[in-house]
Amino acid sequence: MVVLRQGLCSGLDAELVASLKARGVTTVQDLVCANLAQLAIDADLPYKRIAMVRRVLVAQLGAFLASAEMAYAELLSSTAILPTGCTALNSLLDCGLYTGELTEITGAPGTGKTQVCACVAVSVACDLKQRVFYIDTTGSLSPSLLLCLTQAKLTEPSLQASALQRIEIVKAFDAFSVLDEVEKFQKRLSEPLLAREEEVRVLLLDSVFSVFSPLFGSGHADGQSFLMHLARQLKFLAKEYNLAVVVTNGVLSSGREALGRAWSHVPNVRISLSMERSGPPNKVAGQSMEVAGPSDEHACTDVEIEDDIVRSDVEMAEMEENIEIDATDDGSDRHVKKFERIETKDTRSESGGGVNSVGDIIRLGGTSAASGGDPKSLRYAKLTKSTRQVSDSVFVPAFPCGRDSLALMVLLIFSITANCFGDTWLMRRNIECLSQNVDSKIYLNMAIN
Amino acid sequence: MKTAVKVCIIEMLLNVLTEHAHCPFNVVSGQQACMPGGHPAVIPIDTELFPKEAPLCGDVVELHGPEGCGKSEMLLRLIARCILPRYAGGLESHAVLLDCDLRFDFLRFVALLEQMLKRQAAQHASPPLNEGGVGDYAMPKEPREEDVCTCLTRFSIASCHSSSQLLLTLSALEAGGAAAFPRLRLLAVDGLFAFYWMDHAPAMAPGASQDITTLQRCCSLLGRLAAAHPVVVVATTQSLFQTRSSGPHKVYLCKGWNCLVSYRFQFERSVGDDRQFLLTLFHVPRGLLYQRSFTITAAGVELSSVDQS
Numbered sequence: 001m002v003v004l005r006q007g008l009c010s011g012l013d014a015e016l017v018a019s020l021k022a023r024g025v026t027t028v029q030d031l032v033c034a035n036l037a038q039l040a041i042d043a044d045l046p047y048k049r050i051a052m053v054r055r056v057l058v059a060q061l062g063a064f065l066a067s068a069e070m071a072y073a074e075l076l077s078s079t080a081i082l083p084t085g086c087t088a089l090n091s092l093l094d095c096g097l098y099t100g101e102l103t104e105i106t107g108a109p110g111t112g113k114t115q116v117c118a119c120v121a122v123s124v125a126c127d128l129k130q131r132v133f134y135i136d137t138t139g140s141l142s143p144s145l146l147l148c149l150t151q152a153k154l155t156e157p158s159l160q161a162s163a164l165q166r167i168e169i170v171k172a173f174d175a176f177s178v179l180d181e182v183e184k185f186q187k188r189l190s191e192p193l194l195a196r197e198e199e200v201r202v203l204l205l206d207s208v209f210s211v212f213s214p215l216f217g218s219g220h221a222d223g224q225s226f227l228m229h230l231a232r233q234l235k236f237l238a239k240e241y242n243l244a245v246v247v248t249n250g251v252l253s254s255g256r257e258a259l260g261r262a263w264s265h266v267p268n269v270r271i272s273l274s275m276e277r278s279g280p281p282n283k284v285a286g287q288s289m290e291v292a293g294p295s296d297e298h299a300c301t302d303v304e305i306e307d308d309i310v311r312s313d314v315e316m317a318e319m320e321e322n323i324e325i326d327a328t329d330d331g332s333d334r335h336v337k338k339f340e341r342i343e344t345k346d347t348r349s350e351s352g353g354g355v356n357s358v359g360d361i362i363r364l365g366g367t368s369a370a371s372g373g374d375p376k377s378l379r380y381a382k383l384t385k386s387t388r389q390v391s392d393s394v395f396v397p398a399f400p401c402g403r404d405s406l407a408l409m410v411l412l413i414f415s416i417t418a419n420c421f422g423d424t425w426l427m428r429r430n431i432e433c434l435s436q437n438v439d440s441k442i443y444l445n446m447a448i449n
Numbered sequence: 001m002k003t004a005v006k007v008c009i010i011e012m013l014l015n016v017l018t019e020h021a022h023c024p025f026n027v028v029s030g031q032q033a034c035m036p037g038g039h040p041a042v043i044p045i046d047t048e049l050f051p052k053e054a055p056l057c058g059d060v061v062e063l064h065g066p067e068g069c070g071k072s073e074m075l076l077r078l079i080a081r082c083i084l085p086r087y088a089g090g091l092e093s094h095a096v097l098l099d100c101d102l103r104f105d106f107l108r109f110v111a112l113l114e115q116m117l118k119r120q121a122a123q124h125a126s127p128p129l130n131e132g133g134v135g136d137y138a139m140p141k142e143p144r145e146e147d148v149c150t151c152l153t154r155f156s157i158a159s160c161h162s163s164s165q166l167l168l169t170l171s172a173l174e175a176g177g178a179a180a181f182p183r184l185r186l187l188a189v190d191g192l193f194a195f196y197w198m199d200h201a202p203a204m205a206p207g208a209s210q211d212i213t214t215l216q217r218c219c220s221l222l223g224r225l226a227a228a229h230p231v232v233v234v235a236t237t238q239s240l241f242q243t244r245s246s247g248p249h250k251v252y253l254c255k256g257w258n259c260l261v262s263y264r265f266q267f268e269r270s271v272g273d274d275r276q277f278l279l280t281l282f283h284v285p286r287g288l289l290y291q292r293s294f295t296i297t298a299a300g301v302e303l304s305s306v307d308q309s
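Chains S and W, in that order, are what the protein sequence lines are.
Note that the UniProt record's numbering has the first sequence beginning at 1, numbered continuously upward.
Note that the UniProt record's numbering has the second sequence beginning at 1, numbered continuously upward.
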């Protein structure tokens, strides 16, 4: 709703605004839909003047109808395809991420969404030498992971340093700061290129689910509209500044992507990651909850997401060092398990299943990419990765030792007691949010609150 | 004061005269003209999709369904059929698309155009009437880039970022559309309710209240456009809420829109088969017309044979 005010367009002065307001025409929409002849007679104003003001406002604020030929030529010259750093993923996405599109990566916790994002960031920074803007809402992106991935691609420390400098990471832990960061980023992009040599090519938001799902509760409508505002901003950024926007999302217990139907219409491409169970289920605390089994050596991945990352034994040794560091740092062995997965993947022989060992291709719009695709089709893919099975009812990561288990026990007791008195659905949401966070400090904070 | 009134009266007379002058003088071909006297003529956009003698001038077609069911793909097919040259089976007329959810895939659209040109040019082996190649009567095997560019000159796109922008663009079309696009036959809106949640709580504007009227005004403007010009209005609408009953359910988002629609296509996924989609066509007076399945290939939508339910 655009309110009519003085100076909005050239012929609109305070006197005209006041006389229109007296007749009930306060916004541009009212003016456009009003009967101009009648209005001119009622307000005792020259018809030509009102008609001219209306024409100017429509031309100024309406969308410009461009000829498709020119739009297509412009699109061809400005669209880029960014490789994701993983050959299997590239072939699924028809050579990579397209700029001007919003790609969504969905999956249950622990399926590797942050890994894929980190992979994309490093690939763009190292191989393409373009800048990356990463909004981290869960705190699960660790710089050591990025360093590891960079070291796998580049050998010289100076090149590694310059590649890592191209990745800008911003932490935002609630929905308002996320929107704030996106708007600040847009302001920066709209400034003229002064000293910037490299353009930002990718915007990664990990994850939108963790910050917006708490807003969907009793105030359902407001949360939904706020999410749509963010979605519109992201899509506008993608189209206007030729970025590839990548967003991670969670899944509901039914397997559908989270955040509702309105959000499901927003992304252009959706990649759905899922896990296949590889270990025996554990019984925990009398509840029949399937908790992640131990990471076993014979865990096989159907799609080699990390096949490009790890190459040599030297890197393996470095990664083992990193494993030690991570284990002592925060007690969480989630990173440990991830690196172990990479390690076991590399040591065992290449799986016998063919080159394109993707589980299934779900197509949502556009053509089937089964045969390797036509480069201009829309496609969705389901990549299966077998590490652990997470239960449907409560998302709980593997029980590690240390401070995290204490925090987890406190939280479980808290949620069980609050269950009797409060909203079970809301509790589930909180637990789902928590399971996305690795940092134990966040666990403790949420338990206290 | 008196001169102002005189000017107003003259303007009103001029408006009235030009309004009636729109329809009869836009003769494109015998089939497509609106006969003077207001008798509606058929715009044969897609003979496979629509029943016989449909859609008529001024019809409003709705493509409704959840995401990922082929609505935008069907819209691309309709636009392609409108802008393709006559030898390729198209109407060779102008089409306008208002992209509200910013999901229009241009590369896919051009690929679709090329496929349709290639396929239908092979079928309709007749010499080209409009291409102007001197002595060139042989059909090219691969569609030339000039052919695709010629098709694209008959297509206009605008991206709308808010419901007020959509309203202003529609009013610009209403005011000057007939002059700017004399052979306009198809007005397509992709994602008509894309701004529903943004209007519901405009969180960004301080002090702004819910804006539910803009969408209703857009719908009424679309109705006026459909009535005044010899166009078919096609809009894709998302299903934002869970439907409780199947069948010709009412779209509860905007009553004004509900009254306008003549043909409603309901899209859904086929149960048990990922690659098939189901399409149900409702005509507002007559009710359910048919139900059929379709798949999406590189060449676009492949409809199966009609299965009357």
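For glycine and all other residues, C-beta sits at the position ideal for the given N, C-alpha and C.
From what residue to what residue does the beta strand (DSSP E) around residue i run?
i	result
residue 281 of chain W	277–283
residue 270 of chain S	269–275
residue 94 of chain W	94–99
residue 103 of chain S	102–107
residue 156 of chain W	155–159
residue 65 of chain W	60–65
Taking DSSP as the reference, what is the three-state secondary structure of residue i?
i	result
residue 319 of chain W	Residue 319 of chain W lies beyond the stretch modelled for chain W, which goes from 1 to 309, so this question has no answer here.
residue 13 of chain S	coil
residue 269 of chain W	strand
residue 223 of chain W	helix
residue 169 of chain S	strand
residue 236 of chain W	strand
residue 258 of chain W	helix
residue 27 of chain S	strand
residue 82 of chain S	strand
residue 133 of chain S	strand
residue 248 of chain S	strand
residue 34 of chain S	coil
residue 6 of chain S	coil
residue 392 of chain S	Residue confidence for residue 392 of chain S is low, a pLDDT of 34 falling below 50, so the modelled location carries little weight; the figure read from the coordinates is stated next. In this structure, residue 392 of chain S counts as coil in the three-state DSSP scheme.
residue 23 of chain W	At residue 23 of chain W, the pLDDT of 40 sits below 50, so the modelled position is not reliable; the number obtained from the coordinates is stated separately. Three-state result, residue 23 of chain W: coil.
Roughly how far, in whole angstroms, is the beta-carbon of residue i from the beta-carbon of residue j, given that I think they are within contact range, below 8 Å?
i	j	result
residue 164 of chain W	residue 2 of chain S	6 Å
residue 86 of chain W	residue 29 of chain S	At roughly 40 Å, the Cβ-Cβ gap does not stay under 8 Å, so residue 86 of chain W and residue 29 of chain S are not in contact.
residue 56 of chain S	residue 10 of chain S	6 Å
residue 512 of chain S	residue 117 of chain S	Lying before the first or after the last residue shown, residue 512 of chain S is absent from chain S, which here runs from 1 to 449.
residue 156 of chain W	residue 73 of chain S	Not quite, the Cβ-Cβ distance comes to about 15 Å (not below 8 Å), so this is no contact.
residue 99 of chain W	residue 190 of chain W	5 Å
residue 45 of chain W	residue 222 of chain W	That belief does not hold up - the Cβ atoms of residue 45 of chain W and residue 222 of chain W are roughly 17 Å apart, past 8 Å.
In or out: residue i buried (at least 16 other Cβ within 10 Å) or exposed?
i	result
residue 31 of chain S	buried
residue 268 of chain S	buried
residue 104 of chain W	buried
residue 301 of chain W	buried
residue 203 of chain S	buried
residue 256 of chain S	exposed
residue 192 of chain S	exposed
residue 292 of chain S	With a pLDDT of 31 at residue 292 of chain S, under the threshold of 50, the predicted position of this residue should be treated as unreliable, though the coordinate-derived value follows. With 16 or more other Cβ atoms within 10 Å, it is buried.
residue 184 of chain S	exposed
residue 148 of chain S	buried
residue 35 of chain S	exposed
residue 144 of chain W	exposed
Beta carbon of residue i: closer than 7 Å to some heavy atom of the ligand SAH?
i	result
residue 20 of chain S	Although the ligand SAH was asked about, the structure shown includes no ligands whatsoever.
Within the continuous alpha helix (DSSP H) that includes residue i, where are the two ends?
i	result
residue 261 of chain S	260–264
residue 90 of chain S	87–92
residue 185 of chain S	175–190
residue 186 of chain W	Here residue 186 of chain W belongs to no alpha helix (DSSP H); instead the beta strand (DSSP E) covers 184–190.
residue 81 of chain W	71–83
(request) Specify whether the region 102–117 of chain W and the region 254–272 of chain W touch according to this definition: at least 3 beta carbon pairs, one from each stretch, less than 8 Å apart. (result) no
(message) Contact between the region 93–100 of chain W and the region 92–101 of chain S is defined here as three or more beta-carbon pairs at a separation below 8 Å; is this criterion met?
(response) no
(message) Closer than 8 Å is the cut-off here; do at least three beta carbon pairs connect the region 220–227 of chain S with the region 102–109 of chain S?
(response) no
(message) For the structure I just gave you, are there three or more beta carbon pairs, one from the region 215–233 of chain W and one from the region 253–267 of chain W, closer than 8 Å?
(response) yes
(request) Flag this pair as touching only if the region 54–70 of chain W and the region 224–235 of chain W have three or more C-beta atom pairs under 8 Å; answer yes or no. (result) yes
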